[in-house]
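Undergrad: One structure follows; several queries about it will come next.
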Amino acid sequence: MSFLTRLITPAVTQVVEDAIDSFRTMGKRSVLALLGIVIGSGSIVAVINVGHNTSQEAAKIFQGMGVDTLFAKLNDEQRFKDSFLGMDAANIRGLDLQHLMVAPVSEVSGKAGFNRLYIDVRIVGTEPALIEVLKLSISRGRFLHEFDRDDNVVVLGHTVATSLSSNGLGIQVGEWLKINNYLFKVVGILQPAMESMLSPVLTNHSLFMPLQGLARVDSGAAITDVIMRVGPAQKIELVVPQVMERLSAAFKTRTVEIVVAQQMIDAMSRQNKTFHYLLIALGIITLVGGGVAVMNVMYMNVSERRIEIGLRMAIGARRQDIRNLFLVEALALSTLGAVLGAGVGIALAWLYAVISGWAFELAMLSIPLGVSSTLLVGVFFGLKPAIAASRLTPVEALRDY
Amino acid sequence: MHDLNFISMRGVSKSYRHAGKLNPVISQVDFQVGVGETCAIIGPSGAGKSTLLNIVGLLDVADAGEYLFMGRSVANAQNDELAAIRKMQIGFVFQNFNLIPRLTVIENVALPLRYRGMDRAHSLEHAMCMLQRVGMAQRAGYKPADLSGGQKQRVAIARALVGEPSLILADEPTGSLDNQTASEILELLLSIQKEKNVTLLIVTHDQGIARLMQRQVVVRGGVVVELNA
Ligand SMILES: Nc1ncnc2c1ncn2[C@@H]1O[C@H](COP(=O)(O)OP(=O)(O)O)[C@@H](O)[C@H]1O
Ligand SMILES: [Mg+2]
Numbered sequence: 001m002s003f004l005t006r007l008i009t010p011a012v013t014q015v016v017e018d019a020i021d022s023f024r025t026m027g028k029r030s031v032l033a034l035l036g037i038v039i040g041s042g043s044i045v046a047v048i049n050v051g052h053n054t055s056q057e058a059a060k061i062f063q064g065m066g067v068d069t070l071f072a073k074l075n076d077e078q079r080f081k082d083s084f085l086g087m088d089a090a091n092i093r094g095l096d097l098q099h100l101m102v103a104p105v106s107e108v109s110g111k112a113g114f115n116r117l118y119i120d121v122r123i124v125g126t127e128p129a130l131i132e133v134l135k136l137s138i139s140r141g142r143f144l145h146e147f148d149r150d151d152n153v154v155v156l157g158h159t160v161a162t163s164l165s166s167n168g169l170g171i172q173v174g175e176w177l178k179i180n181n182y183l184f185k186v187v188g189i190l191q192p193a194m195e196s197m198l199s200p201v202l203t204n205h206s207l208f209m210p211l212q213g214l215a216r217v218d219s220g221a222a223i224t225d226v227i228m229r230v231g232p233a234q235k236i237e238l239v240v241p242q243v244m245e246r247l248s249a250a251f252k253t254r255t256v257e258i259v260v261a262q263q264m265i266d267a268m269s270r271q272n273k274t275f276h277y278l279l280i281a282l283g284i285i286t287l288v289g290g291g292v293a294v295m296n297v298m299y300m301n302v303s304e305r306r307i308e309i310g311l312r313m314a315i316g317a318r319r320q321d322i323r324n325l326f327l328v329e330a331l332a333l334s335t336l337g338a339v340l341g342a343g344v345g346i347a348l349a350w351l352y353a354v355i356s357g358w359a360f361e362l363a364m365l366s367i368p369l370g371v372s373s374t375l376l377v378g379v380f381f382g383l384k385p386a387i388a389a390s391r392l393t394p395v396e397a398l399r400d401y
Numbered sequence: 001m002h003d004l005n006f007i008s009m010r011g012v013s014k015s016y017r018h019a020g021k022l023n024p025v026i027s028q029v030d031f032q033v034g035v036g037e038t039c040a041i042i043g044p045s046g047a048g049k050s051t052l053l054n055i056v057g058l059l060d061v062a063d064a065g066e067y068l069f070m071g072r073s074v075a076n077a078q079n080d081e082l083a084a085i086r087k088m089q090i091g092f093v094f095q096n097f098n099l100i101p102r103l104t105v106i107e108n109v110a111l112p113l114r115y116r117g118m119d120r121a122h123s124l125e126h127a128m129c130m131l132q133r134v135g136m137a138q139r140a141g142y143k144p145a146d147l148s149g150g151q152k153q154r155v156a157i158a159r160a161l162v163g164e165p166s167l168i169l170a171d172e173p174t175g176s177l178d179n180q181t182a183s184e185i186l187e188l189l190l191s192i193q194k195e196k197n198v199t200l201l202i203v204t205h206d207q208g209i210a211r212l213m214q215r216q217v218v219v220r221g222g223v224v225v226e227l228n229a
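Chain order of the listed sequences is D and U. At position 245 of the first sequence the residue is numbered 245 (the UniProt record's numbering), and the sequence of numbers has no breaks. At position 90 of the second sequence the residue is numbered 90 (the UniProt record's numbering), and the sequence of numbers has no breaks.
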């Protein structure tokens with residue numbers, strides 16, 4: 001019967017127009033469903049963005065110390081009873097760690113006096129390499145030099161310099177500072193430094209002097225930390241075992257503990273990830289709630305438009321045409337929800353960033369991820385009512401009860 | 001008089017299951033309508049007139065018997081084939097108009113063309129012509145809710161005819177209208193029928209309307225009986 005059954009499909013635009021038409025008038029009920037979809041999809045987008053910005057921020061914190069930096073702590077059960085600085089320093093110089101920048105650190109607390117003003121400071125004995133290893137910047141003067149070794153010179157951290165200037169007389173390079181009854185000449189002042197959580201040195205609150213100088217100030221001082229930095233082409237993970245071995249050999253009475261910035265970043269982002277998955281799961285649950293609401297709206301929609309379904313069948317709509325009619329409507333609803341949700345999600349994430357004092361950066365994946373999961377939910381929950389509509393027979397659909 | 005039966009039924013039966021019991025509505029019906037014929041179907045309420053018309057219009061399928069539509073048996077036709085025949089060959093007019101309330105008058109009329117794959121602009125053009133024919137061009141942009149009963153039925157007639165079907169099935173098309181409007185609507189239906197030489201079946205309670213058709217059949221006691229003048 002080919003002359004009767006030329007199977008002509010309705011125009012695609014008709015399917016879409018139908019959806020928009022009915023969507024326009026679905027009214028308050030669909031607003032509720034829409035709200036569920038928007039909240040669900042919005043929270044997914046927000047969570048992904050907040051997560052992204054959290055790790056960006058975390059990365060920034062660690063960037064200060066650099067992911068190429070290694071912190072070795074030399075612990076001693078005997079409280080460094082048998083150690084003295086000169087021997088420790090020689091030990092470290094003999095480590096033979098080529099291709100690594102190495103700076104030993106010995107730290108004590110003390111008082112620094114200038115112009116009858118005394119403040120508490122952390123006194124760091126170290127070597128000139130520290131400026132490279134910690135990427136410190138000089139504000140005035142210079143950092144320690146090899147030829148300072150036997151001189152009483154000191155370089156001030158930014159906060160120390162500011163505090164010592166607080167009685168009006170700004171401290172300058174070339175002035176003399178009193179530290180534990182020794183006079184030290186200020187040769188440099190550092191710029192404010194980003195303090196890293198891993199470093200044993202609180203740069204801004206410290207003053208830096210050669211190890212020999214510290215030995216004079218505190219005869220009991222020992223090297224407590226070694227800070228190292230690898231070159232740009234080197235993998236830090238590959239260096240760690242060697243450093244561990246050499247340090248343990250050189251300091252037989254100590255236990256060596258190595259912290260690598262990258263490890264901390266990894267641990268932190270792992271922790272972040274679990275948190276994100278949790279939030280994404282919450283978003284998905286909300287979204288599924290929205291999906292159920294869509295399903296209910298679509299069921300009501302179908303039963304309200306039963307006569308229309310019958311009429312469409314009478315004028316030639318096939319079952320799949322009816323199914324598509326309602327499926328496209330569910331999709332239109334979810335698309336609108338997804339778009340609004342993406343907007344709401346980004347706005348929330350932006351607000352979170354602003355409140356946290358971060359710079360907002362859009363997570364590129366969040367939009368396709370949020371939108372596609374929302375559409376998936378829309379299709380999934382829209383399918384059942386749409387199929388129910390298409391299974392009506394024309395007579396059932398057209399009957400007026 | 002007619003060399004081809006447009007529709008031809010032999011021994012057609014239909015029962016509905018109600019409360020677990022099969023209720024026969026029509027049984028062993030023989031019924032033929034020729035091409036271009038007009039035929040009134042009358043009978044008491046609940047006799048099965050609508051059931052008969054739905055089977056004729058391929059909205060429903062008979063339980064038993066043979067039904068030839070344009071000479072071809074439709075007993076084994078698939079749903080999609082039946083839909084395609086309805087789309088291309090049949091126009092329906094209902095007592096309750098069944099206009100889609102969301103759509104404007106002209107969009108309602110254009111809808112059958114859209115299901116035939118015609119683009120929006122052309123379908124609206126054709127719909128406008130049809131609205132002119134039924135005297136509703138001025139109301140093209142209205143929503144059905146803003147029309148009177150008679151106006152709604154004019155629009156519904158335009159929708160039934162816009163695809164140039166070969167068969168019009170009208171189930172009590174004037175049942176919801178006052179007498180004056182009813183006769184206007186019937187006049188319109190008949191004039192278009194003559195113009196296009198379509199086959200017209202009309203279910204009605206109104207003897208006056210029935211008499212305007214070339215043939216009258218009565219559905220009573222589950223069978224179809226020809227009324228001869
Ligand atoms: N879908 C259905 N399910 C059950 N009974 C039906 C159905 N359609 C019609 N009937 C019954 O079949 C009989 C004939 O109905 P119908 O053809 O609508 O009568 P008419 O149009 O002549 O008033 C009625 O008794 C009605 O209750
Ligand atoms: Mg009836």
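For each residue, glycine too, the CB sits at the ideal point set by N, CA and C. Just so we're clear, the structure is a prediction, and the values are computed from it rather than from any experiment.
#1: If you check the beta carbons only, do D/Val-47 and D/Ile-280 fall under 8 angstroms apart?
#2: Ignore the nearest five residues each way along the sequence and tell me which others in U/Tyr-142's own chain have a CB closer than 6 angstroms to its CB.
#3: Measure the CB-CB distance between U/Ala-64 and U/Ile-55 and report whether it falls below 8 angstroms.
#4: Please determine, among D/Leu-214, D/Gly-378 and D/Ser-390, the residue with the shortest C-alpha to C-alpha distance to D/Tyr-182.
#5: What residue ranges within the segment 43-86 of chain U form continuous beta strand (DSSP E) runs of no fewer than 3 residues, ordered along the chain?
#6: Going along the chain, which unbroken runs of the alpha helix (DSSP H) with 4 or more residues stay wholly within the segment 306-360 of chain D?
#7: Three-state secondary structure (DSSP) at D/Gln-271?
#8: Going by Cα to Cα distance, which pick from D/Ile-285, D/Arg-319, D/Gly-290 and D/Ala-386 is closest to D/Val-328?
#9: Under 7 angstroms: does the beta carbon of D/Val-294 sit that close to some heavy atom of ligand 1?
#10: Can you give the Cα-Cα distance for U/Tyr-115 and U/Ser-166, rounded to whole angstroms?
#11: What residues does ligand 2 have around it, judged by CB closer than 7 angstroms to any heavy atom, in chain order?
#12: For a contact meaning CB atoms closer than 8 angstroms, what does U/Asn-79 contact in chain D?
#13: Is DSSP giving U/Phe-92 helix, strand or coil here?
#14: Count the other C-beta atoms from every protein chain shown that fall within 10 angstroms of the C-beta of U/Asp-60, then say buried if there are 16 or more, exposed otherwise.
#15: Contact criterion: CB-CB distance below 8 angstroms. Does U/Pro-24 meet it with respect to chain D?
#16: Is it the case that the Cβ atoms of U/Val-224 and U/Ile-42 are separated by a distance below 8 angstroms?
#17: With a threshold of 7 angstroms, establish whether the CB of D/Arg-391 neighbours any heavy atom of ligand 3.
#18: When DSSP builds the beta bridges, which residues end up paired with D/Glu-127?
#19: Taking only runs that begin and end inside the segment 227-271 of chain D, name each unbroken beta strand (DSSP E) of 3 or more residues, in chain order.
#20: If you measure from the CB of U/Ala-47, is any heavy atom of ligand 1 nearer than 7 angstroms?
#21: Comparing the CB of U/His-205 with every heavy atom of ligand 1, is any distance shorter than 7 angstroms?
#22: Between the Cα of U/Asn-197 and those of U/Ser-8, U/Asn-23, U/Gly-36 and U/Gly-11, spot the shortest distance and give me the residue it belongs to.
#23: Under 9 angstroms between beta-carbons, which chain U residues line up against residue 428 of chain D? List them in chain order, please.
#24: Please state whether DSSP places U/Val-225 in a helix, a strand or coil.
#25: Using the rule of at least 16 other Cβ atoms within 10 Å of the residue's Cβ for burial, across every protein chain shown, is D/Glu-257 buried or exposed?
#26: Closer than 7 angstroms by beta-carbon distance: list the chain U residues that pair up with D/Ala-389, in chain order.
#27: With distance defined between alpha-carbon atoms, name the residue in D/Ser-106, D/Gly-283, D/Asp-96 and D/Ser-269 nearest to residue 419 of chain D.
#28: So the beta strand (DSSP E) D/Glu-195 belongs to, where does it begin and stop?
#29: At 9 angstroms on the CB atoms, spell out the chain U contacts of D/Ala-332, in chain order.
#30: From D/Phe-275, D/Ala-90, D/Phe-71 and D/Ser-206, pick the residue whose C-alpha is nearest to that of D/Val-154; which is it?
#31: Could you tell me which of D/Leu-130, D/Thr-159 and D/Gln-56 sits nearest to D/Asp-120, measuring between CA atoms?
#32: I want to verify the contact list: residues of chain U whose CB lies under 7 angstroms from the CB of D/Glu-308, in sequence order.
#33: Could you tell me which residues DSSP puts in a beta bridge with U/Ser-8?
#34: Does the beta carbon of D/Ala-386 come closer than 8 angstroms to any beta carbon on chain U?
#35: Short of 8 angstroms in beta carbon distance, which residues of its chain neighbour U/Gly-163, apart from the five on each side in sequence? Order them along the chain.
#36: Note down the Cα distance separating D/Gln-191 from D/Ile-123, rounded to an integer number of angstroms.
TA: With the structure as the only source:
#1: With contacts defined as CB atoms closer than 8 angstroms, D/Val-47 and D/Ile-280 qualify as a contacting pair.
#2: Apart from sequence neighbours up to five positions away, the residues of its chain that approach U/Tyr-142 with a beta-carbon distance below 6 angstroms are Val-105, ordered along the chain.
#3: Between U/Ala-64 and U/Ile-55, the CB-CB gap reaches or exceeds 8 angstroms.
#4: It is D/Leu-214 whose Cα lies nearest to the Cα of D/Tyr-182.
#5: As far as the segment 43-86 of chain U is concerned, its whole beta strand (DSSP E) runs of at least 3 residues are 64-69.
#6: Taking only runs of at least 4 residues, the alpha helix (DSSP H) segments lying wholly in the segment 306-360 of chain D are 306-314 and 319-356.
#7: DSSP, reduced to helix, strand and coil, places D/Gln-271 within a helical segment of the structure shown.
#8: For D/Val-328, the closest of D/Ile-285, D/Arg-319, D/Gly-290 and D/Ala-386 by C-alpha to C-alpha distance is D/Ala-386.
#9: In this structure, ligand 1 has no non-hydrogen atom nearer than 7 angstroms to the beta-carbon of D/Val-294.
#10: Cα to Cα, U/Tyr-115 sits roughly 17 angstroms from U/Ser-166.
#11: Every residue with a CB closer than 7 angstroms to a heavy atom of ligand 2 is listed here in chain order: U/Lys-49, U/Ser-50, U/Asp-171, U/Glu-172 and U/Val-203.
#12: Within chain D, the residues near U/Asn-79 are Arg-318 and Arg-319.
#13: Under the three-state reduction of DSSP, U/Phe-92 is assigned to strand.
#14: Under this definition U/Asp-60 is a buried residue.
#15: It does not: the Cβ of U/Pro-24 has no partner Cβ on chain D nearer than 8 angstroms.
#16: No, the pair does not count as a contact, with Cβ atoms beyond the cut-off.
#17: Ligands in the displayed structure: ligand 1 and ligand 2; ligand 3 is not one of them.
#18: Per DSSP, none; premise fails for D/Glu-127.
#19: If you keep only unbroken beta strand (DSSP E) runs of at least 3 residues inside the segment 227-271 of chain D, you get 255-260.
#20: At least one heavy atom of ligand 1 is nearer than 7 angstroms to the Cβ of U/Ala-47, so yes.
#21: Result no, Cβ not under 7 angstroms from ligand 1.
#22: When C-alpha distances from U/Asn-197 are compared across U/Ser-8, U/Asn-23, U/Gly-36 and U/Gly-11, the shortest belongs to U/Gly-36.
#23: Past the edges of chain D, shown from 1 to 401, lies residue 428 of chain D, and the structure says nothing about it.
#24: DSSP places U/Val-225 in strand when its eight states are reduced to three.
#25: That one is exposed.
#26: Neighbours of D/Ala-389 in chain U, taken as residues at a C-beta separation under 7 angstroms, are lacking, since the least C-beta distance is about 14 angstroms.
#27: The requested residue 419 of chain D is not part of the displayed model; chain D covers only 1 to 401.
#28: Where D/Glu-195 is concerned, there is no enclosing beta strand (DSSP E), given that its DSSP letter is neither H nor E.
#29: Contact annotation for D/Ala-332 against chain U: no contact, minimum CB-CB distance about 14 angstroms [criterion: below 9 angstroms].
#30: It is D/Ser-206 whose Cα lies nearest to the Cα of D/Val-154.
#31: Residue D/Thr-159 holds the alpha-carbon nearest to the alpha-carbon of D/Asp-120 among D/Leu-130, D/Thr-159 and D/Gln-56.
#32: Here the neighbours are Ile-100.
#33: Answer by DSSP bridge pairing, in chain order: U/Gln-32 and U/Leu-68.
#34: No, D/Ala-386 does not count as interfacial toward chain U.
#35: Taking U/Gly-163 as the centre and dropping the five residues before and after it, the same chain places the C-beta of Lys-87, Met-88, Gly-91, Pro-112, Leu-113 and Arg-116 closer than 8 angstroms to its C-beta, in chain order.
#36: Going by the C-alpha atoms only, they are around 17 angstroms apart.
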